[in-house]
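Residues 0 to 346 (numbering that gives the first Met the number 0) are what the sequence shown spells out, left to right.
Glycine residues also receive a C-beta, built at the ideal position from the N, C-alpha and C atoms.
If you're wondering where the values come from, they're calculated on a predicted model, not measured in any experiment.
Please read the structure below before turning to the comments.
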Amino acid sequence: MRTIDNLLRPNIAKLKAYSTARDEYKGSLGQFMDANENPFQNGINRYPDPYQALLKERLSELKKINTESIFIGNGSDEAIDILYRIFCIPGKDNVVSISPSYGMYKVAADINDIDFREFRLDSNFHLNAQELLKLTDNNTKLIFLCSPNNPSGNLIEYSQIEYLLNSFDGIIVVDEAYIDFAVNKSLATETVKYPNLVILQTLSKAWGAAAIRLGIAIASSEVIKYMTRVKYPYNINILSQKAALEALDNFEDVEEMIKMIIQERDRLRQRLISFPFIEYVYPSDANFLLVKCYNARKLYDYLLKKGIIVRDRSSVPGCNSCLRITIGTPEENQRLIEQLLAYEFLL
Ligand SMILES: *Cc1c(COP(=O)(O)O)cnc(C)c1O
């Protein structure tokens with residue numbers, strides 16, 4: 000049984016983090032002459048809080064998670080990269096991911112020189128955890144799951160995740176970027192029970208704040224402690240911290256938007272299925288639909304000419320002839336349907 004300490008790279012286990020001026024003096028009152036900043040106030044002359052205390056308190060209330068179990072990154076992408084950097088020895092360790100899934104897991108593995116092993120989901124994108132485990136060995140440090148999964152849109156069954164949590168002693172990452180659109184609840188509170196579970200969330204999708212680059216990792220305080228040691232000291236700038244607090248205060252509006260997006264998703268799916276040039280639309284627990292077409296490239300090019308940009312996933316293994324369409328506003332979705340009607344007429 001490997002513990003978190005056994006899993007860490009030895010250089011990280013003994014790392015002494017950079018100590019900022021604001022680590023030495025933690026108060027907020029007084030005359031700051033400790034960090035070589037420009038003293039004239041303009042709203043951005045001081046370094047931001049390296050630990051994002053206010054934001055973590057707010058997230059802690061919203062998600063019912065201790066602040067010590069929360070890491071905030073420059074997008075989820077920073078959290079993904081840091082997980083590789085604290086656990087995986089370049090050229091030696093490996094990770095296992097489901098496939099198809101989010102492209103950044105492999106890019107981050109390649110950057111960090113980590114062997115990336117992919118386990119193909121079945122034709123309906125379901126996971127067989129027992130089979131996935133066969134790809135792991137003593138050098139497997141991380142398993143990446145994504146639920147709801149991108150680009151397939153489905154949730155990974157909890158029974159399969161639970162099986163891995165009970166039989167794999169490395170780190171299990173569950174990326175919940177789309178959880179706010181799903182029928183299932185987040186697994187974030189399970190991190191209390193499983194010290195090797197890391198949940199990734201983001202303000203980029205349901206929260207409507209992709210531009211501020213703010214990702215969240217939720218895990219045992221031990222894992223979070225090392226993630227925090229390795230991050231750039233001031234990884235979240237003050238403008239993003241402020242905008243994130245505002246976005247989180249708006250949660251009632253966000254809930255309304257989520258409801259509307261889900262309604263539109265289900266309406267659009269029913270409508271898309273009825274077109275003769277569309278073979279199938281996969282059920283979705285996210286804010287996009289994976290659409291299997293009879294000629295994906297032709298439809299993609301047609302929509303592009305009409306000024307509607309979707310994502311061509313047809314070269315992704317398991318997604319032959321598939322386009323991924325993000326749910327837009329009701330007006331945008333209506334325009335898409337009208338263009339598809341015109342396309343049908345042309346066929
Ligand atoms: C969009 C997305 C993210 C978000 O990444 P950020 O860096 O937080 O914007 C994370 N995971 C998946 C699977 C996504 O599709």
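query	result
Close-in-space but distant-in-sequence residues of the same chain around D80 (CB under 8 Å, 5 per side omitted)	A107, I110, N111
Residue of L7, Y231, E175, L247 minimising C-alpha distance to K55	L247
C-beta neighbour in chain B for S96, strict 8 Å	In the displayed structure, chain B is absent; only one protein chain is listed.
Helix, strand or coil at Q40 [DSSP, three-state]	coil
Buried or exposed by the 16-neighbour rule on C-beta atoms within 10 Å, applied to K297	exposed
Segment limits, beta strand (DSSP E) that includes I142	139-145
Beta-bridge partners of F118, as assigned by DSSP	I97
Contact check, L164 vs L196, beta carbons under 8 Å	yes
At least three beta-carbon pairs within less than 8 Å, the stretch 268-286 to the stretch 299-313	no
Y279 - DSSP class collapsed to helix/strand/coil	strand
DSSP bridge partner residues for R310 (one or two, in chain order)	R323
Distance cut-off 7 Å: N149 Cβ against heavy atoms of ligand 1	yes
heavy atom of ligand 3 below 7 Å from T201 C-beta	For the structure depicted, ligand 3 is absent and the ligand set comprises only ligand 1.
For V253, the first and last residue of its enclosing beta strand (DSSP E)	Careful: V253 lies outside any beta strand (DSSP E), inside the alpha helix (DSSP H) at 250-272.
In chain order, each beta strand (DSSP E) run of at least 3 residues that lies wholly inside the stretch 117-201	139-145, 170-174, 196-201
Residue closest to Y17, alpha-carbon to alpha-carbon, out of E254, Y50, P275, L339	Y50
Presumed contact (8 Å Cβ cut-off) between G214 and E77, rounded CB distance	6 Å
Cβ pair I307, Q269 closer than 8 Å	no
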